[in-house]
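Enquirer: Just passing along the structure, written as structure tokens.
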Amino acid sequence: MNNAHTPLPPHPQPLERLHALDNLRALMMWLGIVLHVAINHLTVDSPLPWRDPKTSPVADLLLLFIHSFRMPVFFVLAGFFVALLAERRGANGMLKNRCLRLALPFAIFWPPLFAATTVLAMVYIHLTVRGVPGIDVALAPRRQAGGSPFNTMHLWFLYQLFWLSVLAWAGMRVRRFVPARLREALARGFTQLLSRRWGFAVLALPLALVGMAYPSGLLQETGSFLPPAAEWMRSGLFFAAGWYVHGRQEQLLAVFSARCKGHAAAGFAFLVATVLLLGAARGGSLHRVPHPEFWIAYAYGATAWLWSMALIGGFLRYLPRRNAVLDYLSQSSYWVYLVHMLGTVGFGILLFDVPLGAVAKMGLNIAATSLAALASYQLLVRRTPVGRLLNGQRPENRSTRKSTKARVLAAR
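In the numbering used here, the protein residues as written are 619 to 1030.
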């Protein structure tokens, strides 16, 4: 990174790259709408206890496709930006920022979102079971003995990311006690695996070991306030990768950019392999293969790494600069992420008895949720204290106010 005494090049690459990564982060936020609408129409077992009467394999493929890369990309970007914050503000400054941008919004918005989403979910479950709207606590999903009635819902990402940031802060505070050779070896190891063409094959191994403990080899987030070790391992691995990408960003981001098409093609091949393996497992033809869940998880893990690198590289290569539309979507993405479940569930209830196919219903729900979320952002959030809480004070806003003030003073 350039310091205060180093002249910047005419087109400063790190700044452009940050715009690209910000654009990518916004897109991943918005894909949450598509993913959670698709869950309403799955033909396979659903992770949620409600389902629209119209189902489609399109929903199954959308869920498998988006889930393969969305959260991995999120955690890689999160690790990158936490490392960037730590570099610019130090360990304590980074942690303060994460408290303000992650912990505080979670504490403020989780209670009302949990209450509202629970009510909508109960109505949707009643529709699913009895065909009419209503609320009956007897239909609530049973929880394990001793289990909590509360969970983080879709906000589990904020929750885990905050605690991973705390771990990063703790690591920075004790790093002086860790031998320099060990720290350098870790950095070199991640750099080698992320820069070599075969690196994804090694990085997919821990994901396979974690995933093989789950049905069909696919890890499902519990949303628990005490997530199992498997979830921490998976999230932490991608977060650590992002941290080390920041440390070697000139080298690794250039590699991702140059190989984005190859990574995308290879990721597609592994996704096809995942679909075929899942189909074979459900059809019973994999019973002779030892530990079929391992191979499904391995193929899916390889997809996650390849498409994470492909998307980062693709945005660096094709969308590296600030764009007015993407910038607006980026600013609105945090709010949309927080409230979109109210739309996907609420509009799912309204569309339940509409005589349309699953794909048409999905399209209507996605459009309605997106428009409602954007309208609420524009009217209730964008220029309010809530917007400042979620997005901070954006540099362009400060510069705009300064230039406006300068013009006023000049006019006087």
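C-beta atoms are modelled at their ideal positions from N, C-alpha and C, and glycine is treated no differently.
Just so it is clear, the structure is predicted and the values come from calculations on it, not from any experiment.
For PHE933, does the count of other Cβ atoms within 10 angstroms reach 16, so buried, or fall short, so exposed?
Expert: Flag for PHE933 reads buried.
Enquirer: Which term fits LYS979, buried or exposed, when burial requires 16 or more other beta carbons within 10 angstroms of its beta carbon?
Expert: Looking at its Cβ environment, which holds 16 or more other Cβ atoms inside 10 Å, LYS979 is buried.
Enquirer: Would you grab the beta carbon distance between GLY697 and THR770 for me? Rounded to a whole angstrom, and I think it's under 8 Å.
Expert: Not a contact, Cβ separation roughly 20 Å.
Enquirer: Given a cut-off of 8 Å, decide if ALA920 and PHE795 are closer than it, judged by their beta-carbon atoms.
Expert: No, they are not a contact pair.
Enquirer: For LEU660 and LEU653, what's the separation of their Cα atoms in angstroms?
Expert: Using only the alpha carbons, I get a separation of about 11 Å.
Enquirer: Count the other CB atoms, across all protein chains shown, that sit within 10 Å of the CB of ASP754; report buried if there are 16 or more and exposed otherwise.
Expert: That one is exposed.
Enquirer: Whose C-beta lies closer than 8 Å to the C-beta of ASN983 among residues of the same chain, with five residues either side of it excluded?
Expert: Closer than 8 Å at Cβ, skipping near neighbours: VAL655, ASN658, GLY961, THR962, PHE965, GLY966 and LEU969.
Enquirer: Measuring straight from C-alpha to C-alpha, what distance separates ALA638 and TYR777?
Expert: Those two C-alpha atoms are separated by around 25 Å.
Enquirer: By how many angstroms is the C-alpha of HIS772 removed from the C-alpha of VAL954?
Expert: Their Cα atoms are separated by approximately 12 Å.
Enquirer: Under a three-way DSSP split, which group does ARG940 fall into?
Expert: Reduced to three states, the DSSP call for ARG940 is coil.
Enquirer: Using alpha carbons as the reference points, say which of PRO767, LEU947 and TRP774 lies closest to LEU645.
Expert: Nearest option by C-alpha distance: LEU947.
Enquirer: Which of helix, strand or coil does DSSP assign to TYR832?
Expert: In this structure, TYR832 counts as coil in the three-state DSSP scheme.
Enquirer: To the nearest angstrom, report how far apart ARG757 and PHE808 are at their CA atoms.
Expert: Note that residue 757 is Leu in the sequence shown here, rather than Arg. Computed Cα separation, rounded: 47 Å.
Enquirer: Is PRO767 buried or exposed, if buried means 16 or more other CB atoms sit within 10 Å of its CB?
Expert: It counts as exposed.
Enquirer: Starting from GLU868, trace the alpha helix (DSSP H) both ways and give me its first and last residue.
Expert: From DSSP, the alpha helix (DSSP H) with GLU868 extends over 867-876.
Enquirer: In whole angstroms, what separates the C-alpha of GLN949 from that of ASN1009?
Expert: GLN949 and ASN1009: Cα-Cα distance of roughly 7 Å.
Enquirer: From LEU904 to ARG852, what does the alpha carbon distance come to, in whole angstroms?
Expert: Taking the straight line from one Cα to the other gives about 25 Å.
Enquirer: Compare the C-alpha of GLY931 against each of SER988, PHE886 and GLY880 and name the closest.
Expert: Selected option, being the one with the closest Cα: GLY880.
Enquirer: Using only alpha-carbon positions, find the residue among ARG706, SER834 and GLU849 that is nearest to PHE894.
Expert: The sequence shown places Leu at residue 894, not Phe. With distances taken between Cα atoms, LEU894 lies closest to SER834.
Enquirer: If we ignore side chains and look at the alpha-carbon of each, how far apart do TRP781 and VAL694 end up?
Expert: Distance between the alpha carbons of TRP781 and VAL694 is about 15 Å.
Enquirer: Going by alpha carbons, who is nearest to ILE651 out of THR1002, LEU720 and THR987?
Expert: Checked all of THR1002, LEU720 and THR987; the closest Cα to ILE651 is THR987.
Enquirer: Does the region 735-752 touch the region 663-674, meaning 3 or more C-beta pairs lie closer than 8 Å?
Expert: Yes, they touch.
Enquirer: Within a Cβ cutoff of 6 Å, which residues of the same chain sit near PRO759, ignoring the five residues on either side of it in sequence?
Expert: Contacts found: PRO667.
Enquirer: Roughly how many angstroms lie between the CA atoms of MET927 and GLY885, to the nearest whole one?
Expert: In a straight line, the C-alpha of MET927 is about 10 Å away from that of GLY885.
Enquirer: Within its chain, find whatever has a CB closer than 7 Å to the CB of LEU870; leave out the 5 residues flanking it on each side and keep chain order.
Expert: Only THR809, LEU812, SER813 and VAL863 meet the Cβ criterion.
Enquirer: Give me the Cβ distance between VAL957 and ALA991, rounded to the nearest whole Å; I'm assuming they're in contact under 8 Å.
Expert: Contact flag correct, Cβ pair sits at about 6 Å.
Enquirer: Is the beta carbon of VAL700 closer than 8 Å to that of PRO689?
Expert: Just to set this straight, residue 689 is Met in the shown sequence, not Pro. No. Outside cutoff.
Enquirer: So for GLY752, helix, strand or coil by DSSP?
Expert: In this structure, GLY752 counts as coil in the three-state DSSP scheme.
Enquirer: Report all residues from its chain with a CB closer than 7 Å to the CB of ILE726; omit the five preceding and five following residues, and keep chain order.
Expert: Here the set comprises nothing.
Enquirer: What residue from LEU889, ALA985, ASN941 and ARG719 has the CA that sits closest to LEU636's CA?
Expert: The candidate whose alpha carbon is nearest that of LEU636 is ASN941.
Enquirer: Note down the Cα distance separating GLY901 from ARG643, rounded to an integer number of angstroms.
Expert: In a straight line, the C-alpha of GLY901 is about 37 Å away from that of ARG643.
Enquirer: Please classify THR1002: is it buried, with 16 or more other beta-carbons within 10 angstroms of its beta-carbon, or exposed?
Expert: When all chains shown are included, THR1002 counts as exposed.
Enquirer: Report the CB separation of VAL691 from LEU837 in whole angstroms; it is logged as a contact under 8 Å.
Expert: About 16 Å; that fails the 8 Å criterion.
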